[in-house]
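>
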Amino acid sequence: MTSQAFELMWGTCALVGGGVVVANVGGLAERFQSMSYAYRSWPASVTTCRVIGGIFMLAGAGVLGAAAFGV
Numbered sequence: 229m230t231s232q233a234f235e236l237m238w239g240t241c242a243l244v245g246g247g248v249v250v251a252n253v254g255g256l257a258e259r260f261q262s263m264s265y266a267y268r269s270w271p272a273s274v275t276t277c278r279v280i281g282g283i284f285m286l287a288g289a290g291v292l293g294a295a296a297f298g299v
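Per our numbering, the very first residue in the sequence shown carries number 229; after that it's consecutive.
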């Protein structure tokens, strides 16, 4: 797999996955938060999950932008 193909794949996954968490589609952020008691590794609040999703969404957009413009 070439570097650009990997960037496009990772960027798309981060953008879409982060957007799904931010929008809390299907209660995904709430599911992550509810797992925090069992696994102790997820954030303690739904808001924090959504902020982390936003960071992934922005990172994915940045990677896609960089790949598109050849930076």
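Note that beta-carbon positions come from the ideal geometry of N, C-alpha and C, so glycine has one too. Please read these numbers as outputs of a predicted model, since none were measured by experiment.
Using three-state DSSP, classify serine 269 as helix, strand or coil.
coil
> Alpha carbons only, please: which of Gln261, Val244, Tyr265 is nearest the one belonging to serine 273?
Gln261
> Given that a residue counts as buried once 16 or more other Cβ atoms are within 10 Å of its Cβ, and exposed if not, what is arginine 268?
exposed
> Less than 7 Å separating the beta-carbons of glycine 239 and glycine 288?
yes
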